[in-house]
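Written below as structure tokens is the structure these notes are about.
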Amino acid sequence: MIVINREQAQVINTPHGSEIRPLIDRTTSKIERCSLAEEVLPVGAAVGRHHHLETEEVYYILEGRGRMTVGSEVREVSAGDAVFIPLKMAHTLENTGDEPIRLLLVCGPAYSYEDHLAGEPVG
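Here the working numbering is used: the first residue of the sequence shown is 7, the next is one more, and so on.
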């Protein structure tokens, strides 16, 4: 059994100012088919627009509110919302609220840095 508490999880500081805590992923276990991380996105910050060729993703908002863009669709999101991000869809999340957004990131297969590609997919 592997148990990772968020307080002991490694903190990754991103270029856009958020903190990501990998909970169960390739860096903490031998998991391959899915992964789970927590992200805290500061007020006014935005996740850089990116896409994945191999990974489906779900963002689950625990606290805060913002503007989610998947492809050309834009929606306001807040605590309790789950957002599905299909393969090859460029996406971003902007914190438009007055408190940090805390969200869970669920990926399948397990997240890999090699599959995090900036901007729009080519082709």
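Here a beta-carbon is modelled for each residue, glycine too, at the ideal position from N, C-alpha and C. Just so it is clear, the structure is predicted and the values come from calculations on it, not from any experiment.
Rounded separation between residue i and residue j - CA only
i	j	result
P92	R32	21 Å
G77	G54	13 Å
D104	F90	24 Å
Y65	V128	23 Å
I37	I30	8 Å
Neighbourhood of residue i by C-beta distance below 6 Å, restricted to the same chain and skipping five residues each side
i	result
S35	I8
Cβ pair residue i, residue j closer than 7 Å
i	j	result
L59	S24	no
A116	C40	yes
E100	A43	no
T75	D121	no
H56	A124	yes
N-terminal and C-terminal residue of the beta strand (DSSP E) that residue i is part of
i	result
I26	E25 to I30
A43	S41 to L47
L68	E62 to E69
V83	E79 to S84
Cβ-based neighbour list, residue i, same chain, cut-off 8 Å, excluding 5 preceding and 5 following
i	result
P106	V46, L47, P48, V49, E69 and G70
G86	I67
Sequence-distant residues of its chain with Cβ nearer than 7 Å to residue i (five each side left out)
i	result
N19	E25
heavy atom of the ligand NAD below 6 Å from residue i C-beta
i	result
V9	Only the bare structure without any ligand can be found here, which leaves the ligand NAD out of the picture.
Going residue by residue through the region 88-124, where are the continuous beta strand (DSSP E) segments of at least 3 residues, counting only ones entirely within it?
88-91, 97-101 and 107-114
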